[in-house]
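Counting from 1 along the sequence shown, just add 21 to a position and that's the residue number in our numbering. Note that CB positions come from ideal geometry on N, CA and C, so glycine has one too. Because the structure is a prediction, the values reported are computed rather than measured. Take a look at the structure below.
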Amino acid sequence: MAMKPTDFDGAVPVDGYGPGFFRVGGEVIQGPVLVEQGGAQPWEGLEDRAALLALVGRIDVLFLGMGEEIAHPPGDLVDALEEVGVMVEAMASPTAARTYNVTLSEGRRVACALLPL
């Protein structure tokens, strides 16, 4: 069976990751990263709420990658995002990256904020 390449319709997927970095759209970004349909940018981590709140109106779901293992995100961060209409799903960063790519390929309004491994 021939494999069909995924069509992201111009959106930017997470291409890969490793210790301390993520590769998004062919570009390597060291440290935490925030990825949405139009591209990626360095992110300051869980304390950088302004960057996450700036996504309001552009996304419906944020996949929050908590690093190598799943962990509970700060409850007040989740509450603040959900209060303005952004659903938050916390998981390990590799899982968040893959889930972001799959839902992005479906044309959904998603982003991921990933802490490095």
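Val54 has Pro63, Leu135 as its beta-bridge partners, per DSSP. Listed as beta-bridge partners of Met112 by DSSP are Gly86. Here the alpha carbon of Gln62 sits roughly 6 Å from the alpha carbon of Val54.
Residue pairing by DSSP places Tyr38 opposite Phe43 in a beta bridge. The C-beta of Met108 has fewer than 16 other C-beta atoms within 10 Å across all chains shown, which makes the residue exposed.
A residue is called buried once 16 or more other Cβ atoms fall within 10 Å of its Cβ, and Ala71, having fewer, is exposed.
Beta-bridge pairing by DSSP links Glu104 to no other residue.
In the structure shown, Val123 adopts helical secondary structure according to DSSP, grouped into three states. Taking the Cβ atoms as the reference, Arg130 lies roughly 7 Å from Arg79, within the contact range of under 8 Å.
In terms of Cα proximity to Tyr121, the closest of Glu103, Glu90, Leu85 is Leu85. When rounded, the separation of the alpha-carbon atoms in Arg119 and Val35 is 8 Å.
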